[in-house]
Amino acid sequence: MTDLPSLRETLDAHGLSAKKSFGQHFLLDLNVTRKIVRLAGPFEGRAVIEVGPGPGGLTRALLESDAGKVVLVEKDPRFVPLLTELDDGSGRLEIIQADALKVKEAELVDGPAHLVSNLPYNVGTPLLIKWLTGPWTPHALTLMFQKEVAQRVAADVGDDAYGRLAVISQAVCEARVVMDLPARAFTPPPRVDSAVVHLTPRPDRPEPAVLKRLEQVTAAAFGQRRKMLRSSLKTLGGAALCEAAGIDPDARAETVDVAGFLRMARAEI
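In this note's numbering, the protein residues as written are 20 to 288.
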């Protein structure tokens, strides 16, 4: 990687710039991308999937690491030739030109794999929900979001940022913010700061049916978060559902912890 031209030189040579429609903001500082990879690892030879590699700043750091196969999923075809230049012929790098929302990760890698990505802002949350609730379970996820979204993923009950995304994320994983990044670290700089979240799947991951029910319960509860649960959950059982789960029907969504929402998702009324 040290023999390669800088990321900025590579972008200039290919005449490439970020597309606003794809939510692209590039990390060109390899010191930053190497730090993110260190926070994500060690990989111990396991595969890594990176979504939205763009010019390949994070990719270069991954290829320097102890990762095994590195699979890139890039929607923007402009970057495929540039990323191909990182291939040393060892077979370790694979580039998939596709929409990550439609990709089946289990078909890309054998066995456990990490997800490490500077996610495009416009699809970060849908991708996270896909990985949390879908049939494929990653070994760990280290993902960059807008700072506000990162805070929503890792928020504790009672926090202003606590909501549906925190409940679903933390029902499936242990989640913590491990790095903050100012807007000026990116090219072009976004209007907001960013943060990296590290998520480790829990061994007691809820069953698919429970996760589906959890999505319904949290959507109703936080969709009308100012209302008491007996009202916001009326279509799902209201007070009876709360009482079956040992939750006060007069409570509001932001006061119920993840375990409480899981009990409601499992309750039979």
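Where is the CB? At the ideal position from N, CA and C, for every residue including glycine.
Keep in mind the model is a prediction, meaning the values are calculated, not measured.
Figure out for me which residue from the options has the closest Cα to the Cα of residue i.
i: Q43; options: R79, V142 and L23; result: V142
i: C261; options: E273, R245 and F280; result: F280
i: P157; options: E193, R53, F41 and E287; result: E193
i: P72; options: G257, L134, A278 and G182; result: L134
i: A37; options: E113, P96 and G64; result: P96
i: F62; options: D48, L151 and S84; result: S84
i: A270; options: A278, E234, V196 and K246; result: K246
i: R171; options: L30, L49, I266 and L184; result: L184
i: D199; options: P220, P225, K166 and A180; result: K166
i: K88; options: D107, K94, R111 and L105; result: R111
i: S188; options: L47, K54, P208 and T161; result: T161
i: K123; options: Y140, W150 and I114; result: W150
i: G153; options: P74, V277 and E226; result: E226
i: R53; options: L81, A202, I115 and H33; result: L81
i: G60; options: A86, V186, L49 and P201; result: A86
i: I55; options: F41, V92, T78 and A180; result: T78
i: V191; options: Y181, L147 and V275; result: L147
From the DSSP output, in three-state form, read off residue i for me.
i: L138; result: coil
i: M247; result: coil
i: I148; result: helix
i: P207; result: coil
i: P227; result: helix
i: L101; result: helix
i: R111; result: coil
i: L46; result: strand
i: T156; result: coil
i: A66; result: strand
i: R195; result: strand
i: L281; result: helix
i: A180; result: coil
i: E287; result: coil
i: P268; result: coil
i: V215; result: strand
i: P3; result: Since the first residue of the chain shown is 20 and the last is 288, residue 3 is not available in this structure.
i: L200; result: strand
i: C174; result: For clarity, residue 174 is Ala in the given sequence; the question names Cys instead. A174: coil per DSSP, three-state reduction.
i: A132; result: strand
Assuming residue i and residue j are in contact, meaning their beta carbons sit under 8 Å apart, how far apart are those beta carbons, in whole angstroms?
i: A284; j: R244; result: No, A284 and R244 are not in contact; Cβ-Cβ is about 17 Å, not under 8 Å.
i: A272; j: A240; result: 4 Å
i: S25; j: E69; result: About 19 Å separates the two Cβ atoms, so there is no contact after all.
i: H217; j: A159; result: 7 Å
i: F164; j: F45; result: Going by Cβ atoms, the distance from F164 to F45 rounds to 16 Å, so no, they are not a contact pair.
i: V99; j: I114; result: 6 Å
i: S3; j: G242; result: Past the boundaries of the shown model lies residue 3; the chain is included only from 20 to 288, so the question cannot be answered.
i: V197; j: V168; result: Actually they do not touch by this definition, with Cβ atoms about 15 Å apart.
i: T274; j: V176; result: 7 Å
i: A125; j: W155; result: 5 Å
i: A263; j: A286; result: 4 Å
First and last residue of the alpha helix (DSSP H) that includes residue i?
i: I55; result: L49 to A59
i: I187; result: R183 to V191
i: L23; result: Note, L23: premise wrong, no alpha helix (DSSP H); not H, not E.
i: S273; result: The residue asked about is misnamed: residue 273 is Glu in this sequence, not Ser. First-last for E273: undefined, no H or E at that position.
i: V259; result: Before going further, note that residue 259 is Ala rather than Val in the sequence given. That run of the alpha helix (DSSP H) goes G257 to A263.
Please list the terminal residues of the continuous beta strand (DSSP E) segment that includes residue i.
i: F164; result: A159 to Q165
i: D31; result: Not the beta strand (DSSP E): D31 falls in the alpha helix (DSSP H), residues L26 to H33.
i: A86; result: No beta strand (DSSP E) contains A86, which DSSP labels as neither H nor E.
i: L120; result: First-last for L120: undefined, no H or E at that position.
With a threshold of 16 other CB atoms inside 10 Å of the CB of residue i, please say whether the residue is buried or exposed.
i: S109; result: exposed
i: V211; result: exposed
i: P222; result: exposed
i: T103; result: exposed
i: T254; result: exposed
i: K121; result: exposed
i: P131; result: exposed
i: A117; result: exposed
i: E93; result: buried
i: L91; result: buried
i: P76; result: The sequence given here has Gly at residue 76, not Pro. Label assigned to G76: buried.
i: L58; result: exposed
i: L23; result: exposed
i: P145; result: exposed
Please confirm whether residue i has its beta-carbon closer than 7 Å to some beta-carbon of chain C.
i: S136; result: No chain C appears in the structure shown, which is made up of a single protein chain.
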